[in-house]
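Residue numbers (our numbering), protein chains in the order written: chain A, 1 to 269; chain B, 1 to 260. Input: a single structure, listed below in structure tokens.
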Amino acid sequence: MKIKNITILSGYNKKKEKEIIEKIEILEGQKIGIVGHTGSGKSQLLYDIEKLAYGETKTKRKILINGKKADKILKTDPSIKIIGYLTQHMNFMTDTSVYEFLKTHIITRGKHKSKEETKKIIEKVIDEANKITGEEIKKETNLLILSGGQSRALMVADLAYVSESPIILIDEIENAGIKIKQALTLLIKKGKIIFLVTHDPMLALDTDKRFVMKNGGINNVIHTSIREKGIANYFSWINDYILDIRENIRDGKKVDELRLICTPVGEKK
Amino acid sequence: MKIVIFGGTPGSGKTSIIKFIIQELKDLKIHYVKFDVLSTDDDLLIKQKFGVSTENKISGEVCPDHYAALEIPKIIEKHKDKDLIIIETAGLCLRCSPYVNEGLAVNVLNILAGKPSGYGPLLTDADVIIVSKGDLISQAEREIFRSKILEVNKNGLIIDGNGLTGEGAIDVSERIKKIPEVKKTLTLKNSMPTAICGYCYGNKILDSKETLNRYNRGKELKARVPNLNCGKCGFKSCNEFIRAVLDKKINEDRCPYIKK
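Right under this line is the structure:
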């Protein structure tokens, strides 16, 4: 399903006051940050979007897809679910290999056409995941022994190439062990809309706009300035730098040089 | 009056989710019953928090699901004036699950607890399956789990639930609003397993001769007690009474109706 835009029609905050901004429109390819203190309503907003709420949730918000109320089938049939969700917890519980797991997911999603094609998708997912994490995932690796970074990377790549959900919700994903910015770029490249709950300045400032939550309602919408985006870029560079050093340490190398100059993402090494 | 029966393994989040559902349905006159084996205070906590009428049923020596089946008609009889009776079973055995053919059978299924194919009628006979603890694993695995549920229960309505945030409670509540009122005879969706050995009469010695002996004596007593579970002997059920007699804890005269 092609999603051109999402509209959030205002609901009520915890004090039963109408949210200030009546209508917020988000376009294809946009990244939206959701910021605010604990209990300010960030997760509830993600929940409303995930449910494609139409006035039935606590907040009474309405979520429109392409300007219309979402079809009921979009809410109930998981194989056409348009919302992908990356949560804080991404543990696995199935005792199987990465390859078999991805295969099962491809079949579940109704995407299994031929053996060769499925194999190609699986290889693509593992390949892309390896670009995001510094710790190599092999197709025969058991799911249960994947590190946190590997799991997150695998799930991002899975969202991009298996689920292909056009809307992605990310709830305070940890950036330890993954190049989070590259991960988000991978998702955005595929024309997705991303909602991102985060306290991380690198991520919050690398959005198109951010919702400031307060008392359960959307209290403000800040359009990210060019300056903020630049700062985010710098933070992202620092993050990748730390990731590199981390891998060097793992390789048994010594760290004797401190890199200070900010090189643009993608040109280093 | 409507009836909803919740089943699910211990720790799956039944009580937490029920609390959110009661909150959603606060306009209804609700009676909540909690079945458990040893002890519970969930009924008191729910009464305190929501002011609805509650009670607990402790099964003790009897299988909690059989006990629930024995008690459900009495509960219904006593609470005819209520809009909705919510029954939470102890959820120990995947085999029995005392769902009835009317109302709604809800299974709270802990996604971390194993493969859907390993569950019996508890899952396969449920009308609604609330998948709990899904927030702890990846969405891909949730989707796979869901398709595995559909392999064993095609008609169930699958809802993602969360006992901490109340996710899913609205959907279950909407479903509850749509079920019809209870009519006359309730039937179990699934018959319970045969219980006809000496162990059912409280034998503890692992020996076939011993258990046969116990069974014969138990059967003999069973034919003489009224099987009404009237409670006059001080036990919840005639079976419990029989066990106590066989254990020589009491004399059979304790039953006022026993045939000599």
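Every residue gets a Cβ at the ideal spot worked out from N, C-alpha and C, and that includes glycine. Here the structure is a predicted model, which is why all the values come from computation and not from measurement.
Item: Spatial neighbours of Pro121 (chain B) in its chain, beta-carbon cut-off 8 Å, leaving aside the 5 residues before and after; Value: Leu94, Arg95, Cys96, Ser97, Tyr99, Lys189 and Asn190
Item: Contact list for Leu104 (chain B) against chain A, beta-carbon separation under 8 Å; Value: Under the 8 Å cutoff, chain A gives no residues; its nearest Cβ is about 18 Å from Leu104 (chain B).
Item: Best match in B:Val52, B:Ile58 and B:Ser147 for proximity to Lys29 (chain B) [C-alpha to C-alpha]; Value: B:Val52
Item: Same chain, Cβ closer than 7 Å to Lys60 (chain A), five either side skipped, listed in chain order; Value: Gly11 and Tyr12
Item: Identified DSSP bridge partners for Gly217 (chain A); Value: A:Lys214
Item: Alpha-carbon spacing of Tyr327 (chain B) relative to Lys138 (chain A), whole angstroms; Value: With chain B covering 1 to 260 only, the question about residue 327 (chain B) has no answer from this structure.
Item: Inter-residue Cα distance where the pair is Ile87 (chain B) and Asn107 (chain B); Value: 12 Å
Item: Counted within 10 angstroms of its Cβ, other Cβ atoms place His199 (chain A) as buried (16 or more) or exposed; Value: exposed
Item: Paired residues, beta bridge with Asp171 (chain A) - DSSP; Value: A:Val197
Item: N- and C-terminal bounds of the alpha helix (DSSP H) containing Ser151 (chain A); Value: Gly148 to Asp158
Item: Of the residues A:Met213, A:Ile245, A:Met202 and A:Val197, the one placed nearest Val227 (chain A), counting alpha carbons only; Value: The question names Val, but residue 227 (chain A) in the sequence shown is Arg. Here the closest residue by C-alpha is A:Met202.
Item: Residue environment, Asp251 (chain A), which counts as buried when at least 16 other CB atoms sit within 10 Å; Value: exposed
Item: Where Ile170 (chain B) meets chain A, residues with beta-carbon distance less than 9 Å; Value: Lys51, Glu56, Thr57 and Lys58
Item: Proximity of Gly134 (chain B) and Ile17 (chain B) at Cβ, strictly below 8 Å; Value: no
Item: Min CB distance Gln48 (chain B) to chain A below 8 Å; Value: no
Item: Pairwise C-alpha distance: Ile194 (chain A) and Lys269 (chain A); Value: Summary for Lys269 (chain A): the model assigns pLDDT 44, below 50, so the residue's position carries little reliability, and this model does not support an answer.
Item: Below-8 Å beta-carbon distance, Gly349 (chain A) vs any chain B residue; Value: Here chain A covers residues 1 to 269 and nothing more, so residue 349 (chain A) does not appear.
Item: Spatial distance of His112 (chain A) from Ile106 (chain A) (CA atoms); Value: 6 Å
Item: The region 89-101 of chain A contacting the region 140-149 of chain A, beta-carbon criterion three pairs below 8 Å; Value: yes
Item: Any non-hydrogen atom of the ligand NAP within 7 Å of Glu25 (chain A) CB; Value: With respect to the ligand NAP, the structure offers nothing, as it holds no ligand at all.
Item: C-beta neighbour in chain B for Tyr47 (chain A), strict 8 Å; Value: yes
Item: Delimiting residues of the beta strand (DSSP E) encompassing Phe6 (chain B); Value: Lys2 to Gly7
Item: From A:Leu186, A:Gly39 and A:Ile3, residue whose alpha carbon lies closest to that of Leu27 (chain A); Value: A:Ile3
Item: Contact set between the region 105-127 of chain A and chain B, restricted to residues whose Cβ is under 9 Å from the partner; Value: His105, Ile107, Thr108 and Arg109
Item: Terminal residues of the beta strand (DSSP E) in which His31 (chain B) lies; Value: Ile30 to Asp36
Item: C-alpha gap between Glu267 (chain A) and Leu150 (chain B), whole angstroms; Value: Here the model assigns Glu267 (chain A) a pLDDT of 48, short of 50, so the residue's position is not dependable and the matter cannot be decided.
Item: Integer-rounded CB distance, given that Val152 (chain B) should sit under 8 Å from Pro116 (chain B); Value: 5 Å
Item: Neighbouring residues, chain B, relative to Asn91 (chain A) (Cβ below 7 Å); Value: Leu136 and Ile137
Item: Where Asp158 (chain A) meets chain B, residues with beta-carbon distance less than 9 Å; Value: Ser138, Gln139 and Ala140
Item: 6 Å CB neighbourhood of Glu252 (chain B) in its chain, flanking five on each side removed; Value: Val245 and Ile258
Item: Interface partners of Thr94 (chain A) on chain B, CB under 8 Å; Value: Glu141 and Ile144
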